[in-house]
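Taking it in order: structure first as structure tokens, then the write-up.
Numbering (our numbering), first residue to last: 58 to 177.
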């Protein structure tokens with residue numbers, strides 16, 4: 058008899074089909090982890106730098122610090138240009154390790170500006 062039968066592993070989560078976003082987060086983080094994230098998010102909303110359209114990072118992915126305020130970041134363009142030396146972008150900066158974060162939309166804008174300045 059063939060012993061290559063599929064054995065169901067009970068640690069494999071059930072299908073994600075039809076699940077709400079909250080149910081998926083609970084599968085990923087567990088019930089306690091999800092409640093902890095919700096509490097961190099509610100606390101984050103009370104900080105003076107919180108804005109709906111900002112990054113609002115709950116925890117630094119580099120060092121784990123939970124103080125990552127939204128800030129304006131001066132982004133040096135590193136170009137031989139007398140007109141534009143840097144641009145200011147909205148992002149976040151970790152108070153623990155100093156790492157800065159900004160979204161992909163901002164990254165694309167920086168690249169476009171750099172290319173425009175280079176072409177002139």
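Built from N, CA and C at the ideal position, the CB exists for glycine as well.
- Here residue 100 carries a helix assignment [DSSP, helix/strand/coil].
- With respect to the C-alpha of residue 145, the residue from 151, 127, 88 having the closest C-alpha is 127.
- Following the DSSP letters along the chain, one finds residue 143 inside the beta strand (DSSP E) bounded by residues 143-150.
- In the structure shown, residue 127 falls within a strand segment according to DSSP collapsed to helix, strand and coil.
- When DSSP reads this structure, residue 164 sits in no beta bridge, so it has no partner.
- Ranked by how close their Cα comes to the Cα of residue 161, the residues 148, 171, 173 have 148 in first place.
- It is roughly 23 Å from the alpha-carbon of residue 133 to the alpha-carbon of residue 118.
- Counting only the Cα atoms, residue 80 lies some 9 Å from residue 73.
- The beta carbon of residue 150 lies closer than 6 Å to those of 128, 157 in the same chain, with the five residues before and after it left out.
- A residue is called buried when at least 16 other Cβ atoms come within 10 angstroms of its Cβ; residue 114 meets this threshold and is buried.
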